[in-house]
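In our numbering, the protein residues as written are 56 to 167.
Input: a single structure, listed below in structure tokens.
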Amino acid sequence: MPAAARPGVILTEVRDFRLGDVIDDFCVKCRRLTNHAIVSLLSGQAAKVRCRTCYNDHDYRHEQAPPSKKELLKQKELFNAVLSGVAPSLGPADTAIDPEHIPPAAKKKKRA
Ligand SMILES: [Zn+2]
Ligand SMILES: [Zn+2]
Numbered sequence: 056m057p058a059a060a061r062p063g064v065i066l067t068e069v070r071d072f073r074l075g076d077v078i079d080d081f082c083v084k085c086r087r088l089t090n091h092a093i094v095s096l097l098s099g100q101a102a103k104v105r106c107r108t109c110y111n112d113h114d115y116r117h118e119q120a121p122p123s124k125k126e127l128l129k130q131k132e133l134f135n136a137v138l139s140g141v142a143p144s145l146g147p148a149d150t151a152i153d154p155e156h157i158p159p160a161a162k163k164k165k166r167a
């Protein structure tokens, strides 16, 4: 394919995208940066892209990875912990199983 531009065409906006252009983007399905073909344009910028690996269409993400489920889960746990205000491991059950607190009568109950 000849790279030379047609005569008379002045390439001023070389950075403008065109439909079908292949650009890098983060694919949520592939979970990594992959080649994407532009399928929709918005004012010279990629609006929608199609992954060249899994052929999934989605909005152009500007190569930004979404927060992972692990991170979201962590945030949720932190949020719930703050809401409850009490760590779940600290309860009356912990003192009940302390051998110091077992009355002698309970120990005798053990059958020989
Ligand atoms: Zn993708
Ligand atoms: Zn993909």
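Ideal Cβ positions, reconstructed from N, Cα and C, are used throughout, including at glycine.
These numbers come from a predicted model, not from an experiment.
Exercise. So is the beta-carbon of K103 under 7 Å away from any non-hydrogen atom of ligand 1?
Worked result: no
Exercise. Who's in the neighbourhood of ligand 2, going by beta-carbon under 7 Å from any heavy atom, listed in chain order?
Worked result: C82, K84, C85, T89, C106, T108, C109 and N111
For this session: Determine contact between the segment 78-94 and the segment 118-126, defined as no fewer than three beta-carbon pairs at a distance below 8 Å.
Result: yes
For this session: With a threshold of 16 other CB atoms inside 10 Å of the CB of Y115, please say whether the residue is buried or exposed.
Result: buried
For this session: Tell me whether A101 is buried or exposed, calling it buried when 16 or more other Cβ atoms sit within 10 Å of its Cβ.
Result: buried
For this session: Identify every residue that forms a DSSP beta bridge with N90.
Result: Looking at the DSSP output, N90 shares a beta bridge with D79.
Problem set entry | Strand pairing of S139, partner residues [DSSP] | The partner list for S139 (beta bridge, DSSP) is empty, contrary to what the question assumes.
For this session: Kindly list the residues whose CB is nearer than 7 Å to the CB of C106, restricted to its own chain and excluding five residues on each side of it in sequence; keep chain order.
Result: Once the five neighbours on either side are set aside, the close Cβ partners of C106 are C82, K84, C85, T89 and H91.
For this session: For D79, verify whether its CB is less than 7 Å away from any heavy atom of ligand 1.
Result: no
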